[in-house]
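Undergrad: The following block contains the structure, expressed as structure tokens.
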Amino acid sequence: MKDRKHVRCAECRYAVFNEKASAYTQKKRELKWAAIQCTCTYSEYHKATLNISLNGDRQDFVSWDGCKNGVKREAV
């Protein structure tokens with residue numbers, strides 16, 4: 772059986788917006804930073820915020836490598 776290739780988290784359909792973990796402005800409740808979370812229950816990254824650096828800094832992009840359970844998003 773052929774090994775499954777890793778799907779990068781940025782391209783995975785399980786990487787979704789997490790409203791509660793995101794950062795908003797105090798006055799107007801405008802989105803300052805959108806948290807992206809893994810929702811794949813079989814992944815080692817399940818419930819992890821994927822756009823956080825190793826130092827714990829917020830990032831505007833998802834840089835995580837991904838896992839073997841990831842599924843590539845369908846083209847729209």
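Heads up, the sequence shown is in the working numbering, so the first residue is 772 and it goes up one at a time.
C-beta: ideal position from N, C-alpha, C; glycine also.
Let me confirm a value: residue 808 is counted as buried when at least 16 other C-beta atoms fall within 10 Å, else exposed. Which label applies?
TA: Locating residue 808 in the sequence shown gives position 37, counting from the first residue. Looking at its Cβ environment, which holds 16 or more other Cβ atoms inside 10 Å, residue 808 is buried.
Undergrad: Just to confirm the assignment, what range does the beta strand (DSSP E) spanning residue 848 have?
TA: The chain is shown from 772 up to 847; residue 848 falls before or after that span and cannot be answered.
Undergrad: So, residue 830 versus residue 822, is the Cβ gap smaller than 9 Å?
TA: Along the sequence shown, read from residue 1 onward, the residue named residue 830 stands at position 59. Along the sequence shown, read from residue 1 onward, the residue named residue 822 stands at position 51. It is a contact, given that the beta carbons lie within the stated cut-off.
Undergrad: Taking only the alpha-carbon atoms, compute the straight-line gap between residue 797 and residue 776 and give it to the nearest angstrom.
TA: By one-based count along the sequence shown, residue 797 stands at place 26. By one-based count along the sequence shown, residue 776 stands at place 5. Straight-line Cα distance between these residues: approximately 42 Å.
Undergrad: Do residue 787 and residue 842 have their beta-carbon atoms positioned less than 9 Å apart in this structure?
TA: Sequence index remark: in the sequence shown, residue 842 carries index 71 (1-based). Sequence index remark: in the sequence shown, residue 787 carries index 16 (1-based). No. Outside cutoff.
Undergrad: When you compare only the Cα positions, how much space is there between residue 806 and residue 825?
TA: For this step, residue 806 is matched to residue 35 along the sequence shown. For this step, residue 825 is matched to residue 54 along the sequence shown. If you take the alpha carbons of residue 806 and residue 825, they lie about 15 Å apart.
Undergrad: State the DSSP-derived secondary structure class of residue 811, mapped to helix, strand or coil.
TA: Counted from its first residue, the sequence shown places residue 811 at position 40. Coil.
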